[in-house]
Amino acid sequence: MSPPAPAPGSDTYKGWLFKWTNYLKGYQRRWFVLSNGLLSYYRTQAEMAHTCRGTINLATAHIDTEDACNIVLSSGGRTYHLKASTEVERQRWVTALELAKAKAIRMMNDQSGDEEPTTQSDRSEGIQGTLKTLISKLDDLSTCNDLIAKHGAALQRSLSELEALRVPVEGGEKIKGVNERATLFRITSNAMINACRDFLDLAETHSRRWQRALQYEREQRIHLEETIEQLAKQHNSLERAWREAPTLSVNTPSLLVHGEASDEDEDTEYFDAMEDSPAFITVTATENTQHRSVSLTRVEAIPMIGTRTINNPHDSGKELQPLRKRRSRIPDKPNYSLNLWSIMKNCIGKELSKIPMPVNFNEPLSMLQRLTEDLEYHELLDKAACCESSLEQLCLVAAFSVSSYSTTVHRTAKPFNPLLGETYELDRLDDLGYRSLCEQVSHHPPAAAHHVISQRGWTLWQQITISSKFRGKYLSIMPLGAIHLQFHSSENHYVWRKVISTVHNIIVGKLWIDQSGDIEIVNHRTKETCQLKFSPYSYFSRDVPRKVTGVVSDSGGQAHYILSGTWDDKIESSKIVQSSKGGSGSEGKQKTVYQTLSPKLLWKKYPLPDNAENMYFFSSLALTLNEPEDGVGLTDSRLRPDQRLMEAGRWDEANSEKQRLEEKQRAVRRRREAEATDYEGFQPQWFHKRKNDITGETTFVYKGGYWEAKDSQDWSTCSEIF
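Under UniProt numbering, the first residue of the sequence shown is numbered 1, with each subsequent residue one higher.
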C-alpha cells in the first residue's frame, strides 16, 4: 500500500507506481514524486535524499492513458510507461498530473515565479503579485471544473448503460464500473472544493491589505497634486520676479537652490554631488582687475565627471584641456522571448562555459569588461593610498572589495566568453589616473589576467578562473584566484579572493542573484586582517537581505573596527572602543560584544542612469566600456563583431557571428593539434607565468609592452582572432 498522499489539487503528490524498464525486467515498482511541475522517480523513498533516477517536465509533456491502469508520459524524446495498482489510483495520478501540467504551463508563460527579495516593499508590485496568485487559483478551479465535467459525463454514460441491462451477471460488472466512476467523481470534487477553499482564504487574507494600500495610494496622489500645484505657483512667482528685475548686479549674486537662498561665500567651489540630490549648483569665481564674475552651471549628479583637479600649484595658471565626453546610453534591449528550459534541460551538472548559448542570454559586454568593472569605485583606493594608518587603509580596501558586487544586483545576464587571446584595455589616465589591461590567457578552464596601475599610488593585479555549475534551479559561479593590491608609498600588499555568486530561478520565475561566503583580506606586510562575511539570502531570516559584516584586526588578533552594510548599497565602519565577552552563541561559542563609536560611511553605491532597466541595468561606467575607441589593440573586446551587433539590437546577426567566431576558434585548435603543437601551452601576448612569493601560486602577471605598442601603433605581434 502507498503511504498517504496529498489530494490531487495540492502542489505535491507522492506514491508508488510501476514503471516499465525493459523486456527482461518488465514493470518495476518505483517511488514517484510530483512537485513544482516536475515528476521525479526513485527506487525507494530513502533515495529522495541523494539519488534521483529521472525527471520529466510536465509543461512540455503529453499525458495519455492506454487502458484501465496505464499512464504514458512523453516529453523531449523520453517516454515513461507507468502502471497503477487500480483504476482509481490511476485516475488520482492523472488528475494530479493534469493539474500540475496546467500550473507549469502558466508559470512558463507569465513568469510568475519567486520574486527577487527587496529591502523595501513595493505596494503596487505586491498587489500585482497577489492578483496573479488569485488568477492562478481561478485557473485551478477552471481545470477542476473541466475534469468534473469529463468524469460526470462518463458517470452519466455508465448510469444509462445500467438502465438498459437485462443480464444479472453483466449488471454486476456494470454496477462495479458505476461505483468506480462515482469514486473518481468524488475525488475530483474534493480537489475542486480544496481549491475553492484556498481561493477564499487568500481573498479574505488580502482584502484588508488591499484597502489599506489603495487608501495609501489615494493619499499619496492627493499629496503629489498639492505639491505640484505649489511648485507651479513658485515657478510663476520666480519668473515674474526675474522679469521685473533685469538689472540685477553680478557683484552680489543671489542663488536659489531648492527654494532657499544660499549664504555661502562666492569664492567657494562645489565639486561633489550629494547622493540624494537630483542636481547641484557649481559656483566658480575668477579674479579680474575690474570686477568678479560669477558663473552658474547646473550639473547633473553623475559621479566622477566634470572637473579635473590641479595637484601642482605651479600649474594653476595653465588652461586645462577639455576631457573626452563619454556616452551615457546605448540602444535599448530588444524584447525577444526564448525558452531557457529548451536549452538548459540537457545541461544540468555541466560546466557553463562549455554550453553553447545564444546571445539572448548575454549582455553586450565580455567577461574581460565585467572584470574591469571592479574599478567602478577606484576612488576608494585613491583615498586609501593617502591613509597614514594601515588599519584605516584596510577598512577602505575592504569597502572596495565589497563595492565590486554592487553592479551585479540586477545584472543576471551572462557576459560573452572571451576568445583565447582576446584583450580589453581601459585607459583613463587623463581623468581617473589609471590604466587597466585584461587578457584571456586560457579557454578551458576560462581564465583572465588583469593588471591596473594608478598614478595615485597603487597597483592591482589578479588572475580569475571562472568555475560554474548549472544545478537545475540555480547556477553557481565560483571565481577562483587571488586579487593582489599594493600601495606604492607604504608597500602594503593586500591579498583576497572573491565569494560565490548564485543566480536563482533559472528555469521558472524572475532571475535574481545572491552573493555568499567569506572573504579574508590580509596585509602581508603588517599581518593585519579583515574578515568579511556575505550572508546568503534566506526567506526565514530577519536580517537585511544582502548583508555584509566584517571585523578589522591587527597582527595580534585585536579587533579595531567593525564593518557593516550590504553589498548592493553601502558599507560603514565603526571604531571599537571596548570589547567584552558575552553569552554563548547558537553553536556554544562565547560571543564577543563590541562597544563602538558612531559609524562612518566608507562607500555608497552610485544611482543607476536613467532608463537603466532598458539598457541591461548598466552603470555609468559600464555604459562606456564598449564604446568604440581609436588605437586599441586588434584583439580588443570593443572590436568583437557579435558583441557589437548585439549592442546594436541585431541579435539574429549576432548569433550567426557568434557561431562563426566559435567555430573559427575550434578550427585553430584542431589545426594546432594536427601540427603537434602543445595547444594547452598557449602563450599570451602581454602576460607571462610567474610564481608569487606570498601565495606560492603560479599565475599570469603583466610582462609589459602593451602601452608602448599602443603609443607606436605596432600591433604586428597580435593574432587575428576576430
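In this text, a Cβ means the ideal position worked out from N, Cα and C, and glycines have one as well.
Bear in mind the structure is a predicted one, so any value in this text is a computation, not a measurement.
Where residue i falls, given that 16 or more other Cβ within 10 Å makes a residue buried
{"i": "Gly421", "result": "buried"}
{"i": "Gln659", "result": "exposed"}
{"i": "residue 724", "result": "Residue 724 lies beyond the residue range present for the chain, which begins at 1 and ends at 722; the question has no answer from this structure."}
{"i": "Ile694", "result": "exposed"}
{"i": "Cys144", "result": "buried"}
{"i": "Arg542", "result": "exposed"}
{"i": "Thr12", "result": "exposed"}
{"i": "Pro418", "result": "buried"}
{"i": "Gly705", "result": "exposed"}
{"i": "Ala84", "result": "buried"}
{"i": "Ile519", "result": "buried"}
{"i": "Cys530", "result": "buried"}
{"i": "Thr408", "result": "buried"}
{"i": "Gln28", "result": "exposed"}
{"i": "Glu376", "result": "buried"}
{"i": "Met615", "result": "buried"}
{"i": "Gln193", "result": "At residue 193 the sequence reads Ile, which differs from the Gln that was named. That one is exposed."}
{"i": "Met646", "result": "buried"}
{"i": "Ile477", "result": "buried"}
{"i": "Asn626", "result": "buried"}
{"i": "Gln462", "result": "buried"}
{"i": "Tyr216", "result": "exposed"}
{"i": "Val593", "result": "exposed"}
Nearest residue (CA-CA) to residue i, options the options
{"i": "Gly77", "options": "Val551, Thr55, Gln685", "result": "Thr55"}
{"i": "Ser142", "options": "Thr188, Thr65, Ser541, Leu34", "result": "Thr188"}
{"i": "Thr635", "options": "Asp514, Arg218, Thr717, Arg471", "result": "Thr717"}
{"i": "Ala203", "options": "Gln578, Lys83, Arg181, Leu134", "result": "Leu134"}
{"i": "Ser136", "options": "Leu162, Ala149, Lys103, Gly152", "result": "Lys103"}
{"i": "Pro446", "options": "Ala654, Lys469, Tyr434, Thr465", "result": "Thr465"}
{"i": "Leu639", "options": "Ile721, Ala182, Gln713", "result": "Ile721"}
{"i": "Cys438", "options": "Trp242, Lys383, Ser366, Ser401", "result": "Ser366"}
{"i": "Ser403", "options": "Ile453, Lys333, Leu532", "result": "Leu532"}
{"i": "Leu563", "options": "Val94, Arg197, Leu394, Gln230", "result": "Leu394"}
{"i": "Glu379", "options": "Ser467, Ile175, Pro334, Lys605", "result": "Lys605"}
{"i": "Ala630", "options": "His688, Thr698, Gln578, Gln713", "result": "Checking the sequence shown, residue 630 turns out to be Asp, not Ala. Among His688, Thr698, Gln578, Gln713, the Cα nearest to that of Asp630 is on Gln713."}
{"i": "Ala195", "options": "Leu99, Glu388, Cys52", "result": "Leu99"}
{"i": "Ser656", "options": "Val359, Arg497, Val495, Val552", "result": "Val359"}
{"i": "Asn36", "options": "Ala96, Ile63, Val88, His81", "result": "Ala96"}
{"i": "Ser75", "options": "Val397, Gln91, Val88, Lys101", "result": "Lys101"}
{"i": "residue 740", "options": "Lys664, Leu623, Lys689, Arg669", "result": "This structure does not reach residue 740, given that the chain is present from 1 up to 722, and the question cannot be answered."}
{"i": "Arg525", "options": "Tyr494, Asp139, Phe540", "result": "Tyr494"}
{"i": "Thr21", "options": "Gly15, Tyr41, Leu34, Val33", "result": "Tyr41"}
{"i": "Leu480", "options": "Lys473, Phe487, Ser467", "result": "Ser467"}
Strand pairing of residue i, partner residues [DSSP]
{"i": "Phe470", "result": "Leu475"}
{"i": "Cys438", "result": "Tyr424, His450"}
{"i": "Gln463", "result": "Ala449"}
{"i": "Trp20", "result": "Tyr27"}
{"i": "Ile576", "result": "Thr596"}
{"i": "His493", "result": "Gln486"}
{"i": "Asp64", "result": "Val72"}
{"i": "Glu34", "result": "The identity of residue 34 in the sequence shown is Leu, whereas the question assumes Glu. Leu34 is bridged to Tyr13, Leu39."}
{"i": "Thr566", "result": "Lys547, Lys570"}
{"i": "Lys604", "result": "Lys570"}
{"i": "Val552", "result": "Cys530, Tyr561"}
{"i": "Ile56", "result": "Leu39"}
{"i": "Phe700", "result": "Lys689"}
Helix, strand or coil at residue i according to DSSP, with G and I counted as helix
{"i": "Cys196", "result": "helix"}
{"i": "Ala482", "result": "strand"}
{"i": "Ile175", "result": "helix"}
{"i": "Gly705", "result": "coil"}
{"i": "His718", "result": "Rather than His, the amino acid found at residue 718 in this sequence is Cys. Reduced to three states, the DSSP call for Cys718 is coil."}
{"i": "Phe540", "result": "coil"}
{"i": "Ala559", "result": "strand"}
{"i": "Pro364", "result": "strand"}
{"i": "Trp458", "result": "strand"}
{"i": "Thr412", "result": "coil"}
{"i": "Ser637", "result": "helix"}
{"i": "Thr695", "result": "coil"}
{"i": "Gln91", "result": "helix"}
{"i": "Lys150", "result": "helix"}
{"i": "His81", "result": "strand"}
Residue-level contact to chain B via CB, residue i, 8 Å cutoff
{"i": "Trp603", "result": "Absent from the structure: chain B. Only one protein chain is present."}
Could you tell me which uninterrupted beta strand (DSSP E) segments, each at least 3 residues in length, are contained entirely in the stretch 500-539, listed from first to last along the chain?
-> Correct list: 500-504, 512-523, 529-534.
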